[in-house]
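J.: First to last, the sequence lines map onto chains G and Y.
Counting from 44, one number per residue, gives the positions in the first sequence under this note's numbering.
Counting from 126, one number per residue, gives the positions in the second sequence under this note's numbering.
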Amino acid sequence: MTNLTNRIRESITASGIALVVAGLLAASCNNNNNSQNSCAKDTDCAGDQVCEYNVCADVIDVSPRTAQQTWEGLYTALHSNDLNQVLKYFTKGRKEYCTQLLEGRDLPSIADSMPSLPLQPTFQRGNLSQYEIITDTGRYGVKMYCPHDHCMLIDF
Amino acid sequence: MTTACSSIFRKSILAAITAAITLTPALTSGYSIKTHPRLTERAVQFYLEQNGNSNNRVDLDALKLGSVNEDSPDLYIRSYNHFENWEDKSGLWGFSSAADWAENGELQRGQVPLDHFLNTGLLWTKPLKYYYQEALGDFGGGYPFGDQSWQQAIRNDNQQALGHIAHLEADLTVPAHVRMDPHAFLPAIVREFADFELHEDSYEIWAANYPEAISELTPTRIPNYGSLRTFYDETSHFTGAHFSSDNRIDTARISSLERRVEDGATYYYDTIDGKDVPIARKGFLMPYVLDWRVLEEQWKISATRGVEGIAGIITLYFEITNPTGDCTPNPVSYCVGNNVYVDDNCGNDTLYQQCGNSYSCQEGECNPISNNGHPDGGSECTPDPYLHCVDRWNAVFRNDRCGLDIIVQQCTPSQTCQTDSCVTNTCTPSSTLHCVGNSVYNNDGCGHDTVVQNCTSSQTCQTDSCRDNPPAEYVDSNTRLHWQVNVGRGPIDEISAESYCQSIGWRLPTVSELRSLIRGCATTVTGGSCEITNECNSFDHCNTGCRPCVTGSGPDNGCYWPNQLQGTCSYYWTSTVDTFDTRANWMVGFENAEINSHLKWGSTNDEGSHSHYVRCVK
Numbered sequence: 044m045t046n047l048t049n050r051i052r053e054s055i056t057a058s059g060i061a062l063v064v065a066g067l068l069a070a071s072c073n074n075n076n077n078s079q080n081s082c083a084k085d086t087d088c089a090g091d092q093v094c095e096y097n098v099c100a101d102v103i104d105v106s107p108r109t110a111q112q113t114w115e116g117l118y119t120a121l122h123s124n125d126l127n128q129v130l131k132y133f134t135k136g137r138k139e140y141c142t143q144l145l146e147g148r149d150l151p152s153i154a155d156s157m158p159s160l161p162l163q164p165t166f167q168r169g170n171l172s173q174y175e176i177i178t179d180t181g182r183y184g185v186k187m188y189c190p191h192d193h194c195m196l197i198d199f
Numbered sequence: 126m127t128t129a130c131s132s133i134f135r136k137s138i139l140a141a142i143t144a145a146i147t148l149t150p151a152l153t154s155g156y157s158i159k160t161h162p163r164l165t166e167r168a169v170q171f172y173l174e175q176n177g178n179s180n181n182r183v184d185l186d187a188l189k190l191g192s193v194n195e196d197s198p199d200l201y202i203r204s205y206n207h208f209e210n211w212e213d214k215s216g217l218w219g220f221s222s223a224a225d226w227a228e229n230g231e232l233q234r235g236q237v238p239l240d241h242f243l244n245t246g247l248l249w250t251k252p253l254k255y256y257y258q259e260a261l262g263d264f265g266g267g268y269p270f271g272d273q274s275w276q277q278a279i280r281n282d283n284q285q286a287l288g289h290i291a292h293l294e295a296d297l298t299v300p301a302h303v304r305m306d307p308h309a310f311l312p313a314i315v316r317e318f319a320d321f322e323l324h325e326d327s328y329e330i331w332a333a334n335y336p337e338a339i340s341e342l343t344p345t346r347i348p349n350y351g352s353l354r355t356f357y358d359e360t361s362h363f364t365g366a367h368f369s370s371d372n373r374i375d376t377a378r379i380s381s382l383e384r385r386v387e388d389g390a391t392y393y394y395d396t397i398d399g400k401d402v403p404i405a406r407k408g409f410l411m412p413y414v415l416d417w418r419v420l421e422e423q424w425k426i427s428a429t430r431g432v433e434g435i436a437g438i439i440t441l442y443f444e445i446t447n448p449t450g451d452c453t454p455n456p457v458s459y460c461v462g463n464n465v466y467v468d469d470n471c472g473n474d475t476l477y478q479q480c481g482n483s484y485s486c487q488e489g490e491c492n493p494i495s496n497n498g499h500p501d502g503g504s505e506c507t508p509d510p511y512l513h514c515v516d517r518w519n520a521v522f523r524n525d526r527c528g529l530d531i532i533v534q535q536c537t538p539s540q541t542c543q544t545d546s547c548v549t550n551t552c553t554p555s556s557t558l559h560c561v562g563n564s565v566y567n568n569d570g571c572g573h574d575t576v577v578q579n580c581t582s583s584q585t586c587q588t589d590s591c592r593d594n595p596p597a598e599y600v601d602s603n604t605r606l607h608w609q610v611n612v613g614r615g616p617i618d619e620i621s622a623e624s625y626c627q628s629i630g631w632r633l634p635t636v637s638e639l640r641s642l643i644r645g646c647a648t649t650v651t652g653g654s655c656e657i658t659n660e661c662n663s664f665d666h667c668n669t670g671c672r673p674c675v676t677g678s679g680p681d682n683g684c685y686w687p688n689q690l691q692g693t694c695s696y697y698w699t700s701t702v703d704t705f706d707t708r709a710n711w712m713v714g715f716e717n718a719e720i721n722s723h724l725k726w727g728s729t730n731d732e733g734s735h736s737h738y739v740r741c742v743k
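#1: Run through chain G and tell me which residues come within less than 8 angstroms of tyrosine 335 of chain Y, C-beta to C-beta.
#2: Under 7 angstroms between C-beta atoms, does arginine 148 of chain G make it to chain Y?
#3: Please check if any C-beta of chain G sits within less than 7 angstroms of the C-beta of valine 414 of chain Y.
#4: Threonine 541 of chain Y lies in the beta strand (DSSP E); which residues open and close that run?
#5: Would you mind working out which of Y/Cys560, Y/Tyr459, Y/Phe368 and Y/Val576 sits nearest threonine 588 of chain Y, comparing C-alpha positions?
#6: Any chance the segment 357-364 of chain Y sits against the segment 285-301 of chain Y, with 3 or more Cβ pairs inside 8 angstroms?
#7: Taking the continuous alpha helix (DSSP H) assigned at proline 164 of chain G, which residues delimit it?
#8: Can you tell me the Cα-Cα spacing of arginine 614 of chain Y and serine 628 of chain Y, whole angstroms?
#9: Please confirm whether isoleucine 379 of chain Y has its beta-carbon closer than 7 angstroms to some beta-carbon of chain G.
#10: Which residue's Cα is closest to the Cα of tyrosine 205 of chain Y: Y/Phe171, Y/Leu410 and Y/Ala301?
#11: Rounded C-beta distance between histidine 737 of chain Y and tryptophan 698 of chain Y? I'm assuming under 8 angstroms.
#12: Is it true that the segment 126-133 of chain G meets the segment 376-384 of chain Y, where meeting means three or more beta-carbon pairs spaced less than 8 angstroms apart?
#13: Measure the alpha-carbon distance for tyrosine 566 of chain Y versus glutamine 578 of chain Y and round it to whole angstroms.
#14: Any beta carbon of chain Y sitting closer than 7 angstroms to that of tryptophan 114 of chain G?
#15: Within 10 Å of its beta-carbon, does leucine 435 of chain Y have 16 or more other beta-carbons around it, so buried, or fewer, so exposed?
#16: Report the three-state DSSP secondary structure of aspartate 681 of chain Y (helix, strand or coil).
#17: So is phenylalanine 264 of chain Y in contact with chain G if we call contact Cβ pairs under 7 angstroms?
#18: Could you work out which residues of chain G lie near threonine 541 of chain Y, taking near to mean beta carbons separated by less than 8 angstroms?
#19: Using the three-state DSSP reduction, which class does cysteine 486 of chain Y fall into: helix, strand or coil?
#20: Residues of the segment 181-192 of chain G in Cβ contact with chain Y at a cutoff of 9 angstroms, in chain order, please.
#21: Proline 403 of chain Y and tyrosine 392 of chain Y look like a contact to me (Cβ under 8 angstroms); what is the Cβ gap, rounded to whole Å?
#22: How many angstroms separate the CA atom of cysteine 116 of chain Y from the CA atom of asparagine 568 of chain Y?
#23: Applying the criterion that 16 or more other CB atoms from any shown protein chain within 10 Å of the CB defines a buried residue, is asparagine 688 of chain Y buried or exposed?
#24: Cutting at 7 angstroms between CB atoms, please list the residues of its own chain near tyrosine 118 of chain G, excluding the five before and the five after it.
#25: Which residues does DSSP pair with threonine 396 of chain Y in a beta bridge?
#26: In the DSSP assignment, find the alpha helix (DSSP H) that holds threonine 376 of chain Y and state where it starts and stops.
#27: What residues in the segment 362-391 of chain Y bring their beta carbon closer than 7 angstroms to a beta carbon of chain G?
#28: Of all the options Y/His723, Y/Gly714, Y/Cys671 and Y/Ser621, which has the alpha carbon lying nearest to the alpha carbon of arginine 708 of chain Y?
#29: Looking at the structure shown, is tyrosine 132 of chain G part of a helix, part of a strand, or coil, going by DSSP?
#30: What residues in its chain sit with their C-beta under 6 angstroms from that of glycine 683 of chain Y, if we drop five residues either side in the sequence?
#31: State the Cα-Cα distance for the pair glycine 562 of chain Y and serine 222 of chain Y, rounded to the nearest angstrom.
#32: Out of Y/Asn519, Y/Cys580 and Y/Leu558, state which residue places its alpha-carbon closest to the alpha-carbon of asparagine 550 of chain Y.
#33: When you compare the CB positions of proline 673 of chain Y and alanine 622 of chain Y, do they come within less than 7 angstroms of one another, or not?
#34: Run through the segment 578-653 of chain Y for me and flag every whole beta strand (DSSP E) of 3 or more residues, listed as ranges in chain order.
#35: Hey, out of G/Gln167, G/Gly169, G/Arg108 and G/Gly184, whose CA is closest to glutamate 175 of chain G's CA?
#36: Can you tell me the Cα-Cα spacing of aspartate 416 of chain Y and arginine 163 of chain Y, whole angstroms?
Laid out in structure tokens, this is it:
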């Protein structure tokens, strides 16, 4: 893993011509203003962000997480009425949509309406999987994306 | 669970993400770089199946490379130009639409407008040297620019450019790209080192993660739309009209579709090309979802359309460059001066490539000139101290010796780039006004004109001011009647003349009224010897003393009417019926100030044609 880190850093430095040019631009153009995201250490950044390459950046969790763990984690987050935690179980691209969908709603009651576990897979192709949940109103699909065994919800 | 993440790997991802965020404030994508070459290859295969005997040479590797390069390097933001609103054909966030992007070589030089919110002052200035510009610009260009010759068409770099064009066609089969649904992804640097596919649109995820899906496509026809733009427009409309994306679910449309409950699951079906297709599924948390089954069915339709569209674009490419289909390749090329020439049966000694200043023609190829001889020495593509202005951006650029311009200084609005630096303007506004369109502009002395006055719809900008349009009405001071200045209609029959005047809220004049417009003819002016009036309207009894005047001798350039009137100097209908023969109405001929009776419609009689002009009155 350490080697991987170094390779990424080296690649950004070596093949990332853009970074070099960006530096040239910054030196050349006095109007370059990136102070909003610039930082020297993690504490300069808001929230969960950290300081990397003098820029505040989000952290993405890529630790292994099965579909079942994702479903259970979502249930727990909903039951805790913690929207930010809920959003971490979805892909990043769904964050805005889910925020609009869930903001102001009674999240614990959504959790209570979720069917019992375990999930049963009905579709599996590589990193793509789908599970089905059955409630008294019908059968619903739970669509997940699990690259590197890190499952994320897309929709259900 | 979050804390269980390996901190090293977490940092690894973080570092790459940071680089991406540093350079790209937001990211969008189309199909994965895995999917594009698959689709392009399938399209080329289909094209060759349909054109097996063609001489046209398709360089599959070049097309595939171009289709990949349209999204790379990811640090540049071409993907922002890969959208096209299926309804109004606009682009994303003010960027060009896919069609505009494909057709405009200047846009493809790869700069975000300096006043665009995405221009952070970092790096949006790298021209697309190695792709569009080099393939289509520097050396004479190929489709759709410049020299549209077959010799250009079969060149590897131009076929790479065709691959870029194919990429755009494929992207427009992605609903997110036509429903203006930007969807983040991480650039190749992350994918390469973290091997982590993070496209954030589930349709694209499906396509990228299921490579076997390409075998499910069954193209059947090569469309012929005649222009690249039409291909893009048709494709974007088809995609947008039928399919939704993750974050742009067309709930109104889906709710109107046929609802089917299948083993407890509710799907919504549409009929596309005669086939029932599930468009969405009822969701548990979300109202509608696009489950993997829906996306698989969508893929079969959308991606098939994409393959057919790309094959159609390849066909168009060769229809333009080899319309007779007679050209056959001759691989021999040679240098003449610093230019590459080739020979073939479509044009002997055809100029194939101009090597320009940065390349040298050697053995029939343009090869980059080494920088070893440069006064500053150094490796290839190192910054060149040569500064120059690029007028379009009003900025100072320098050259990297490989032809890439890099911005050094953006001049402010109060500055102008002159030679190699920004010079403060000394603008002296000019009092000179001029018209642009229907507005008056001034001149600020620096070439930036501003609007002084927008002329109204009843005005026209003439020379330097708004001037009132000529009145549409002429008011006769003698009768106080209002007349159309311009001829309303004609030549038409009398019935149609009456209908026309009524339709615009006016009326067809009576014979006394129209006669009152006669000027300069003593017999037929109002009060003259001619006895025809509204009251005395029988040809048999009243047509006396009506001898007309000399043709073409009236006071208004030969016409016997007031000079305020315009239009053809000829016969004009009145609404007064000739009571001697009620099939006829009275009319006035202004060419000779004649008052006469003509049949309203039907066949002509001895008096001449039944079709005359109309000037309405009120």
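Yeah, the Cβ is synthetic: ideal placement off N, Cα and C, and Gly gets one too.
For clarity, every value in this text was computed on a predicted model and none was experimentally measured.
T.: Answer, in terms of the structure:
#1: Indexing the second sequence from 1 puts residue 335 of chain Y at position 210. Per Cβ cutoff of 8 angstroms: Arg168, Gly169 and Leu171.
#2: Taking the first residue of the first sequence as 1, we reach residue 148 of chain G at position 105. Output row for arginine 148 of chain G: interface = no.
#3: For the purposes of this step, residue 414 of chain Y is identified with residue 289 of the second sequence, where counting begins at 1. Chain G contact via Cβ: present.
#4: On the second sequence, position 416 is the one that residue 541 of chain Y refers to. Taken as a continuous stretch (DSSP letters only), the beta strand (DSSP E) holding threonine 541 of chain Y covers 540-543.
#5: If you number the second sequence from 1, residue 588 of chain Y lands on position 463. Per the Cα distances, Y/Cys560.
#6: yes
#7: Translated into positions along the first sequence, residue 164 of chain G becomes position 121. Run containing proline 164 of chain G: none in the alpha helix (DSSP H); it sits in the beta strand (DSSP E), 163-168.
#8: Taking the first residue of the second sequence as 1, we reach residue 614 of chain Y at position 489. Taking the first residue of the second sequence as 1, we reach residue 628 of chain Y at position 503. Roughly 12 angstroms between the two C-alpha positions.
#9: Mapped onto the second sequence, residue 379 of chain Y falls at position 254. Taking Cβ atoms only, chain G never reaches closer than 7 angstroms to isoleucine 379 of chain Y, which makes this a no.
#10: Here residue 205 of chain Y is taken as the residue at index 80 of the second sequence, counted from 1. Nearest of Y/Phe171, Y/Leu410 and Y/Ala301 to tyrosine 205 of chain Y, Cα basis: Y/Ala301.
#11: What you label residue 737 of chain Y is simply residue 612 of the second sequence in a count that begins at 1. What you label residue 698 of chain Y is simply residue 573 of the second sequence in a count that begins at 1. Confirmed, about 5 angstroms.
#12: no
#13: Locating residue 566 of chain Y in the second sequence gives position 441, where the first residue counts as 1. Locating residue 578 of chain Y in the second sequence gives position 453, where the first residue counts as 1. Whole-angstrom Cα-Cα distance: 7 angstroms.
#14: Position 71 of the first sequence, counted from the first residue, corresponds to residue 114 of chain G. So, not an interface residue.
#15: Walking along the second sequence from the start, residue 435 of chain Y turns up at place 310. Checking the sequence shown, residue 435 of chain Y turns out to be isoleucine, not leucine. Classification of isoleucine 435 of chain Y: buried, given that the 10 Å Cβ count is 16 or more.
#16: Within the second sequence, residue 681 of chain Y is the residue found at index 556, counting from 1. It is a strand residue.
#17: Numbered from 1 along the second sequence, position 139 holds the residue referred to as residue 264 of chain Y. Low confidence applies to phenylalanine 264 of chain Y: its pLDDT is 29, below 50, so where it sits in the model is not reliable, and the reading given next is rough at best. Closer than 7 angstroms: no.
#18: Position 416 of the second sequence, counted from the start, is the residue given in the question as residue 541 of chain Y. Under the 8 angstroms cutoff, chain G gives no residues; its nearest Cβ is about 17 angstroms from threonine 541 of chain Y.
#19: Along the second sequence, read from residue 1 onward, the residue named residue 486 of chain Y stands at position 361. In the structure shown, cysteine 486 of chain Y sits in a strand (DSSP, three-state: E or B).
#20: Gly181, Arg182, Tyr183, Gly184, Val185, Lys186, Tyr188, Pro190 and His191
#21: In the second sequence, residue 403 of chain Y corresponds to position 278, counting from 1. In the second sequence, residue 392 of chain Y corresponds to position 267, counting from 1. Confirmed, about 4 angstroms.
#22: In this structure chain Y extends from 126 to 743, so residue 116 of chain Y is not present and cannot be described.
#23: For the purposes of this step, residue 688 of chain Y is taken as residue 563 along the second sequence, with counting starting at 1. With fewer than 16 Cβ atoms within 10 Å of its Cβ, asparagine 688 of chain Y is classed as exposed.
#24: Translated into positions along the first sequence, residue 118 of chain G becomes position 75. Contacts found: Ala154 and Met157.
#25: The residue you call residue 396 of chain Y lines up with position 271 of the second sequence. Looking at the DSSP assignment, threonine 396 of chain Y forms a beta bridge with Y/Asp401.
#26: Here residue 376 of chain Y is taken as the residue at index 251 of the second sequence, counted from 1. From DSSP, the alpha helix (DSSP H) with threonine 376 of chain Y extends over 376-380.
#27: Asp371, Asn372, Asp388, Gly389, Ala390 and Thr391
#28: Walking along the second sequence from the start, residue 708 of chain Y turns up at place 583. Among Y/His723, Y/Gly714, Y/Cys671 and Y/Ser621, the Cα nearest to that of arginine 708 of chain Y is on Y/His723.
#29: Residue numbering aside, residue 132 of chain G sits at position 89 when the first sequence is read from its first letter. The answer is coil: DSSP assigns tyrosine 132 of chain G none of H, G, I, E or B.
#30: Along the second sequence, one-based indexing puts residue 683 of chain Y at 558. The residues are Gly677.
#31: For the purposes of this step, residue 562 of chain Y is taken as residue 437 along the second sequence, with counting starting at 1. For the purposes of this step, residue 222 of chain Y is taken as residue 97 along the second sequence, with counting starting at 1. In a straight line, the C-alpha of glycine 562 of chain Y is about 27 angstroms away from that of serine 222 of chain Y.
#32: Stepping through the second sequence from its first residue, residue 550 of chain Y is reached at position 425. Residue Y/Asn519 is the option with its Cα nearest to asparagine 550 of chain Y.
#33: On the second sequence, residue 673 of chain Y is found 548 positions in, with the first residue counted as 1. On the second sequence, residue 622 of chain Y is found 497 positions in, with the first residue counted as 1. Cβ atoms of proline 673 of chain Y and alanine 622 of chain Y: not closer than 7 angstroms.
#34: 584-587, 590-593, 598-600, 607-609 and 614-617
#35: As a working note, residue 175 of chain G is residue 132 in the first sequence. Ranking the options by Cα distance to glutamate 175 of chain G, first place goes to G/Gly184.
#36: Taking the second sequence and counting its residues from 1, one reaches residue 416 of chain Y at position 291. Taking the second sequence and counting its residues from 1, one reaches residue 163 of chain Y at position 38. Going by the C-alpha atoms only, they are around 23 angstroms apart.
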